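Enquirer: Each residue of the sequence shown is one higher than the one before, counting from 36 in this note's numbering.
Glycine residues also receive a C-beta, built at the ideal position from the N, C-alpha and C atoms.
Note that the coordinates shown come from a computational prediction; the quantities given were computed from them, not determined experimentally.
Can you read through this structure? Questions will come right after.
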Amino acid sequence: LEQGVAAAEPALAAWLAKAGMAHERRILRLPIAGLTWHYPEPEIVQLQFVLPAGCFATAVVRELVDLLPAGQTDSPCEF
Numbered sequence: 036l037e038q039g040v041a042a043a044e045p046a047l048a049a050w051l052a053k054a055g056m057a058h059e060r061r062i063l064r065l066p067i068a069g070l071t072w073h074y075p076e077p078e079i080v081q082l083q084f085v086l087p088a089g090c091f092a093t094a095v096v097r098e099l100v101d102l103l104p105a106g107q108t109d110s111p112c113e114f
């Protein structure tokens with residue numbers, strides 16, 4: 036995957052190599068364990084799951100929710 040990116044952007048790849056950037060990788064698919072959910076209130080869902088070290092829960096939540104385009108909301112946010 037990264038070889039394709041480097042081939043498409045040779046100037047960027049050369050700059051990163053010259054800057055001494057080390058290759059770091061993250062897995063493309065997260066192994067989610069123990070996914071459960073419940074609704075403590077009608078409009079609130081509470082998720083619980085376990086991820087390996089180095090994985091981010093925000094990435095999982097982002098894939099689970101249907102986001103609205105920027106600036107659009109179904110209802111105003113009230114706190």
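In whole angstroms, what is the alpha-carbon distance linking Val40 and Ala94?
Expert: Computed Cα separation, rounded: 22 Å.
Enquirer: So Ile62 packs on Phe84, CB below 8 Å; how close in whole Å?
Expert: Not really, about 15 Å apart at Cβ, beyond 8 Å.
Enquirer: Could you spell out the range, first to last residue, of the alpha helix (DSSP H) harbouring Leu63?
Expert: Neither: Leu63 is in no alpha helix (DSSP H) and is coded neither H nor E.
Enquirer: What is the DSSP secondary structure of Ala115, reduced to helix, strand or coil?
Expert: The first residue shown for the chain is 36 and the last is 114, placing residue 115 beyond what the model contains.
Enquirer: Note the first and the last residue of the continuous beta strand (DSSP E) segment covering Glu76.
Expert: From DSSP, the beta strand (DSSP E) with Glu76 extends over Ala68 to Glu76.
Enquirer: Could you tell me which residues DSSP pairs with Leu82 in its beta bridges?
Expert: For Leu82, which the question treats as bridged, DSSP gives the partners Trp72.
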